[in-house]
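Student: In the working numbering, the protein residues as written are 8 to 593. Don't be surprised by glycine CBs; every beta carbon is placed ideally from N, CA and C.
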Amino acid sequence: MVHASGRPGPGGSFLFTAPCNTGVKMPTDPDHVSPTVKLLDVQPTLPSERFLVAEPPDAEAVPMDVVFVGGGPAGLAGAIELARLVHRDREVGGTLGELEIGVLEKAGQLGEHNLSGAVVNPSAFHELFPELSINDFPFRQAVGKESVYLLTQSASIRVPVPPTMKNHGNYLASICEIVRWLGAKAEEYGVNIFPGFPVDSLLTDEGRVVGVRTTPAGLGRDGKPGGPEAMPAMDLSAKVTVLAEGTRGPLSQAWLKWQGITSENPQIFALGVKELWKVTKPLDRVVHTMGWPLSTKTFGGSFMYPLADDLVALGLVVGLDYPDARFDVHETLQKMKLHPLFHQYLAGGEMMEWGAKTIPEGGYYSVPSRRHGDGLCIVGDSAGYVEVSSLKGIHYAMHSGILAARQIFEALKLGDTSEAALSGYSEAVDASVIMRDLRKRRNMRLAFKDGLVSGGLRAGLMTLTGGAIPSGKIAIEEDAAKIRQLGEIQEQFRADGELTFSKADAVYKSGNQTRDDVPQHLIVGKDIAPEVAEMLEHMCPAGVYERDGTELIINAPNCIDCKATDVVGPRWTPREGGSGPTYRQM
Numbered sequence: 008m009v010h011a012s013g014r015p016g017p018g019g020s021f022l023f024t025a026p027c028n029t030g031v032k033m034p035t036d037p038d039h040v041s042p043t044v045k046l047l048d049v050q051p052t053l054p055s056e057r058f059l060v061a062e063p064p065d066a067e068a069v070p071m072d073v074v075f076v077g078g079g080p081a082g083l084a085g086a087i088e089l090a091r092l093v094h095r096d097r098e099v100g101g102t103l104g105e106l107e108i109g110v111l112e113k114a115g116q117l118g119e120h121n122l123s124g125a126v127v128n129p130s131a132f133h134e135l136f137p138e139l140s141i142n143d144f145p146f147r148q149a150v151g152k153e154s155v156y157l158l159t160q161s162a163s164i165r166v167p168v169p170p171t172m173k174n175h176g177n178y179l180a181s182i183c184e185i186v187r188w189l190g191a192k193a194e195e196y197g198v199n200i201f202p203g204f205p206v207d208s209l210l211t212d213e214g215r216v217v218g219v220r221t222t223p224a225g226l227g228r229d230g231k232p233g234g235p236e237a238m239p240a241m242d243l244s245a246k247v248t249v250l251a252e253g254t255r256g257p258l259s260q261a262w263l264k265w266q267g268i269t270s271e272n273p274q275i276f277a278l279g280v281k282e283l284w285k286v287t288k289p290l291d292r293v294v295h296t297m298g299w300p301l302s303t304k305t306f307g308g309s310f311m312y313p314l315a316d317d318l319v320a321l322g323l324v325v326g327l328d329y330p331d332a333r334f335d336v337h338e339t340l341q342k343m344k345l346h347p348l349f350h351q352y353l354a355g356g357e358m359m360e361w362g363a364k365t366i367p368e369g370g371y372y373s374v375p376s377r378r379h380g381d382g383l384c385i386v387g388d389s390a391g392y393v394e395v396s397s398l399k400g401i402h403y404a405m406h407s408g409i410l411a412a413r414q415i416f417e418a419l420k421l422g423d424t425s426e427a428a429l430s431g432y433s434e435a436v437d438a439s440v441i442m443r444d445l446r447k448r449r450n451m452r453l454a455f456k457d458g459l460v461s462g463g464l465r466a467g468l469m470t471l472t473g474g475a476i477p478s479g480k481i482a483i484e485e486d487a488a489k490i491r492q493l494g495e496i497q498e499q500f501r502a503d504g505e506l507t508f509s510k511a512d513a514v515y516k517s518g519n520q521t522r523d524d525v526p527q528h529l530i531v532g533k534d535i536a537p538e539v540a541e542m543l544e545h546m547c548p549a550g551v552y553e554r555d556g557t558e559l560i561i562n563a564p565n566c567i568d569c570k571a572t573d574v575v576g577p578r579w580t581p582r583e584g585g586s587g588p589t590y591r592q593m
């Protein structure tokens, strides 16, 4: 068994270490039969007792009517729609009166924890702001040309754009800029925005959510107040709490488990690593690729988008069910940039920002059977509203926030925010474009569980039949249950610091603001085998995990909240506000 301990590390950082189980030896001979890795066997249990606290808000709680947990596109769209509905109700002499609407965001400023491609379907913006024109929205430019390539190690073969990936009528944008724009609009409507306030717990009363408790700040490594700047947790009471935490939200996970709410398939995820480059050669089209540098058994692909004549976004997205436990998404992206297709644009340029994020990919069958309860709704990525074959999620997130706001408004008018009174939200989503699109392409991602070739054939059949064939559900297992092999040991990657970058340099480019002495926020299993330690080291794009002989070193302050290892291994928990990245244009 392993007992994690801590010790001071270089530069004042604090390293938590856990000795590896030396009863399992890691092979060094490439011809040796690789051991298997199954992270589900060592993944810690979700600490629901932290996220669900059976207490009323304290006597000094901030009174709110509705609290949105998360200041991303789903939460902000919901807050804006609710505020607009209340405003219209007052104008026509309604009886609801003033409402206190709050949005709690863990980042120090809105947008700093948001990352996406992003090519945006503008439909949710038109629905939320019918009085505005397309030129009023925070988009960079309309999608013009677009190309899809099948890559080999040294060549690129242009292929027809799959129907689901065609982006005519969509817009290139920075999700950071979208979120800041939405935040300003929300404040114009009187919404209370609280940046720098992560939520630690849902407060409950006999099955009903009655408010939230924030994460304390300024604590030392021992979890005790570290000085006069320390801030205790704060309670907020609410008639309705909306969970808009984004991907892999811990409160959403805990609440769904508590309520016994399941889905037909477990949720599965991808990890996307993205860079923003200042370039000298303009990119004139949206580019997507498949094939190299991924194996035929690994689901994923890359993108390269023009945000301006001198600004390019590129990234690599990989399903977290990949079979090789030594696969490293960050290093693979670095090697990918050496390919002629990318190198011609990046050479002589400068990497401006770097970041990473997980994406829910399960689709229709992985959406929880209901996303509402007594005093609560779940929206956006927390509910799994992402359609992978079209690479879209932002407008679905916003649509879900809007639909939640409308049902909450009706429930507040009736003075009833029970599960029954909020059920119209789940029903509205199920009847909306969100679930219609997810159902039509319900097996697209799932078809690739058996590899690129068979998946491509089945996806083509689904496209031709509008999703009718295959008609049934393709069953899947969660990513943590994947049995993986430790592949061959690769030659050590050496970044050049100009075109390719180490994980340490990449984290610097994320603008990480985490204190070195912040309390540990990652929960690691008690029995760490060497092959598990090695997989975590490769999986984490930010270099949080490092295998050093018989120790697993955890440099928690490096964490950029991508949640990759939360999917398959160590659990992520909220830490003090403002920790993590400070994305500006991602």
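Tell me, please, which residues DSSP counts as bridged to G279.
Tutor: Looking at the DSSP assignment, G279 forms a beta bridge with V324, K364.
Student: Would you check if the distance between the CB atom of R452 and the CB atom of G326 is smaller than 9 Å?
Tutor: Yes, these two residues count as a Cβ contact at 9 Å.
Student: Identify the residues that DSSP records as bridge partners of L250: which are they?
Tutor: Note: L250 sits in a beta bridge opposite V76, I385.
Student: Please determine, among P367, S376, P537, the residue with the shortest C-alpha to C-alpha distance to E394.
Tutor: The candidate whose alpha carbon is nearest that of E394 is P367.
Student: Can you tell me whether I415 is buried or exposed, with buried defined as 16 or more other CB within 10 angstroms of its CB?
Tutor: Classification of I415: buried, given that the 10 Å Cβ count is 16 or more.
Student: Rounding to the nearest angstrom, what Cα-Cα distance links I268 and P375 in this structure?
Tutor: C-alpha separation (whole angstroms): 6 Å.
Student: What's the gap between the Cα of T580 and the Cα of P588?
Tutor: Their backbone Cα atoms lie some 16 Å apart in a straight line.
Student: Looking only at its own chain, which residues have a Cβ that is under 8 Å from the Cβ of L226, when we skip the five neighbours before and after it?
Tutor: Cβ within range, chain order: P232, G233, A237, V525, P526, E583.
Student: Go through its chain and collect everything with a Cβ distance to G118's Cβ below 6 Å, but skip five positions before and after it.
Tutor: Here the set comprises C183, V186, R187.
Student: At what residues does the beta strand (DSSP E) containing R582 begin and finish?
Tutor: Taken as a continuous stretch (DSSP letters only), R582 belongs to no beta strand (DSSP E), as it is neither H nor E.
Student: If we count the other Cβ atoms within 10 Å of its Cβ and call it buried at 16 or more, is T339 buried or exposed?
Tutor: T339 comes out buried.
Student: Using DSSP with H/G/I as helix, E/B as strand and the rest coil, what is S302?
Tutor: Three-state result, S302: coil.
Student: Whether or not the stretch 390–405 and the stretch 296–303 are in contact is what I'm after, with contact meaning three or more pairs of Cβ atoms, one per stretch, closer than 8 Å; do they touch?
Tutor: Because the criterion of three Cβ pairs below 8 Å is not met, the stretch 296–303 and the stretch 390–405 do not touch.
Student: Go ahead and label D36 buried or exposed: buried means 16 or more other beta carbons lie within 10 angstroms of its beta carbon, across all protein chains shown.
Tutor: Caution is warranted here: a pLDDT of 32 is assigned to D36, below 50, making its placement in the model unreliable, and the coordinate value is therefore given only provisionally. Under this definition D36 is an exposed residue.
Student: Going by DSSP in three states, Q50 sits in which element: helix, strand or coil?
Tutor: If DSSP states are grouped into helix, strand and coil, Q50 belongs with coil.
Student: F144 to L323, Cα distance in whole Å?
Tutor: Between F144 and L323, the C-alpha separation is close to 27 Å.
Student: Below 8 Å on the Cβ atoms is my contact criterion, and I expect V280 with H337 to pass it. Report the Cβ-Cβ distance as a whole number of Å.
Tutor: Rounded, the Cβ-Cβ distance is 5 Å, consistent with contact.
Student: Taking only three categories from DSSP, how would you classify G225?
Tutor: DSSP places G225 in coil when its eight states are reduced to three.
Student: Go ahead and label V99 buried or exposed: buried means 16 or more other beta carbons lie within 10 angstroms of its beta carbon, across all protein chains shown.
Tutor: Classification of V99: exposed, given that the 10 Å Cβ count is below 16.
Student: In chain order, what residues of the same chain have a beta carbon less than 6 Å from the beta carbon of T29, not counting five sequence neighbours either side?
Tutor: Confidence in T29 is poor, its pLDDT being 28 and thus under 50, which makes the residue's placement too unreliable to answer from.
Student: If the criterion is Cβ atoms closer than 9 Å, does the pair A571 and A320 meet it?
Tutor: Result no, Cβ atoms of A571 and A320 do not sit closer than 9 Å.
Student: Give the C-beta separation of M593 and E360 to the nearest angstrom, bearing in mind that I take them to be a contact with Cβ-Cβ under 8 Å.
Tutor: Their Cβ separation, rounded to whole angstroms, is 6 Å, which keeps M593 and E360 in contact under 8 Å.
Student: Cα separation between S20 and L122?
Tutor: Interpretation of S20 is limited by its pLDDT of 36, a score under 50 that renders its predicted location unreliable; no figure is taken from the coordinates.
Student: Do N519 and K480 have their beta-carbon atoms positioned less than 9 Å apart in this structure?
Tutor: No, Cβ-Cβ distance for K480 and N519 is not below 9 Å.
Student: If I measure Cβ to Cβ from A411 and keep anything under 7 Å in the same chain, skipping five residues before and after, which residues do I get?
Tutor: Once the five neighbours on either side are set aside, the close Cβ partners of A411 are G85, V249, C384, V386, Y432.
Student: Between I141, Q266, V76, which has its C-alpha nearest G109's C-alpha?
Tutor: The shortest Cα separation from G109 among I141, Q266, V76 belongs to V76.
Student: Please work out which residues of its chain come closer than 6 Å, Cβ to Cβ, to A488, disregarding the five sequence neighbours upstream and downstream, and give them in chain order.
Tutor: Hits under 6 Å: L47.
Student: Would you say P80 and A131 are within 9 Å of each other, going by their C-beta atoms?
Tutor: Result yes, Cβ atoms of P80 and A131 sit closer than 9 Å.
Student: Which class does L376 belong to by DSSP, given the choice of helix, strand or coil?
Tutor: Looking at the sequence itself, residue 376 is Ser, so the reference to Leu does not match. The answer is coil: DSSP assigns S376 none of H, G, I, E or B.
Student: Please state the DSSP three-state secondary structure of V208.
Tutor: A small fix is needed here, since residue 208 is Ser in this sequence, not Val. It is a strand residue.
Student: Put A408 into one of helix, strand or coil per three-state DSSP.
Tutor: The residue asked about is misnamed: residue 408 is Gly in this sequence, not Ala. Three-state result, G408: helix.
Student: With distances taken between CB atoms, is the gap from G256 to S389 smaller than 9 Å?
Tutor: Taking 9 Å as the Cβ cut-off, G256 and S389 qualify as a contacting pair.
Student: Could you give the distance in angstroms between the alpha-carbon of A90 and the alpha-carbon of G78?
Tutor: Cα-Cα distance, rounded: 15 Å.
Student: Among the residues of its own chain, which have a CB less than 8 Å from the CB of W284, if the five just before and after it don't count?
Tutor: Closer than 8 Å at Cβ, skipping near neighbours: L318, V319, A320, L321, Y352, L353, G356, E357, M358, M359.
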